[in-house]
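Positions in the sequence shown are counted from 1; adding 1443 to them yields my numbering.
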Amino acid sequence: MKKNIFITFSAAVLGAGLFSLLHIPVAFLLGPLTAVMIGSRLSRIPFYWPAGFRDAGIIIVGYSIGLSFTQEAVLLILQKLPFILLVTVLLVLFSALSALLIAKLMGIDYPTVLIGSIPGGLSQMILLAEEVKGIDITVVTFMQVARLIMIIFIIPVLVFGPWMNITSGTGFTASEALWRDLSPDILLFVFVSFAGIILSRRVKLPTPYLLGPIMGTAGLVISGINGPQLPPSVLDFSQLLMGAHIGMMMKPEKLDNKVKTISLAALSGLLLIVCSVLLSFLVIHVFHLSPATGLLSLAPGGMDQMAIIAHETGADLAIVTGYQLFRLFFIFFVVPPFLKWIFLKFKRLASSGE
């Protein structure tokens, strides 16, 4: 087991180093992701990456996000809440309509394509797929993972493109955090972060290892207790831990119809990215946000990955997280009952047509 972990870790480090040498944006996320995804298919030794490693990376990112939630940032997000709701609903509706179009074009049942297309948390969508009869869970999983990987690669290209005039790493140039600055203040934040994780798990919130540190850290920051910034090396390491995990998730060999499913996932992901980019233009225009902040706020990817890119670009992390967090809760609490109602109607229509 240790050998399998070491091989996986070595591939992740190699990928991070190579992407850094090539000056590819978000190298410590994309490099390990790519290296592990390719290496796990070619190596005779099975790759293994414990879930605890991913959770550790997410906790670090959650703490960094929580530091950005000042009183001013929270008030700004609350003022934007109606508009955040509007763009979230529009994104979900677009997902539903594009899923209907793709299902008809490719001859795949609509419920499977719909759950695979909704930009929610991977675990939440898989749980929903397991609850609904007739859903192809393998296809749903592949679609969700494929979209996540597409977004992780495409969004940095858009954000770091020449049209935005941003260079990788500008988020850290303002103040380089030093290791000696962490102690002893960090101990209080470690305690509240883990307390937040325990509370989040007990009340069954989505992604407790992310939300727990965010809530705990943000609570202290809002109350006037400022936490120390993490050294860039710690944030880079958290990206590596998460990138290796995502690289392990992609398993196309388990698909029955590889060509159709890969085409389905690619089309669904591209349509959703195009929609989010168009909506981001609206957000940028209405609230006068920076292009990076607007794009990352609406990107249909994981909140932790978008936060990492926001850190790298110097985007407004609180605004990005506010949009992403609202969509996460909306999809977790509102969308599943709505989808179950749609599937019931869909099933009745199909039965009446027979």
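Using N, Cα and C, we set each Cβ at its ideal position, and we do this for glycine too. As the structure is a computational prediction, the values presented were derived from the model and not from experiment.
Asked                                                                                                             : Found
Reduced DSSP category for Y1491 - H, G, I as helix; E, B as strand; rest coil                                     : coil
Alpha helix (DSSP H) segment containing R1645, residue limits                                                     : D1628 to R1645
Option in M1568, L1476 and A1499 with minimal Cα separation from S1636                                            : A1499
Stretch pair the segment 1761-1781 + the segment 1742-1751: three plus CB contacts closer than 8 Å                : yes
Those runs of the alpha helix (DSSP H) which lie wholly inside the segment 1716-1768 and span at least 4 residues : 1734-1741 and 1746-1756
First and last residue of the uninterrupted alpha helix (DSSP H) at E1515                                         : Q1514 to Q1522
8 Å Cβ shell around V1583 - same chain, five flanking residues per side excluded                                  : T1555, I1558, G1559, M1568, I1569 and A1572
Start-end ranges of the alpha helix (DSSP H) lying completely within the segment 1539-1589, minimum 4 residues    : 1553-1560 and 1565-1574
I1774 versus L1476 - alpha carbon distance                                                                        : 26 Å
P1627 classed as buried or exposed, judged by whether at least 16 other C-beta atoms fall within 10 angstroms     : exposed
Buried or exposed (CB count within 10 angstroms, at least 16 for buried), F1512                                   : buried
Q1587 versus G1604: straight-line alpha-carbon distance, rounded                                                  : 25 Å
Environment of F1776 [buried if 16+ CB atoms lie within 10 Å]                                                     : exposed
I1785 vs M1693 beta-carbon contact at 9 Å                                                                         : no
For S1693, the three-state DSSP class (helix, strand or coil)                                                     : Reading off the sequence shown, one finds Met at residue 1693, where the question assumed Ser. Correct three-state label for M1693: coil.
Straight-line Cα distance separating S1538 from F1632                                                             : 38 Å
Spatially closest choice to V1469 from V1778, L1543, I1597 and A1454, by CA coordinates                           : I1597
Same chain, Cβ closer than 6 Å to I1481, neighbours up to 5 away in sequence not counted                          : none
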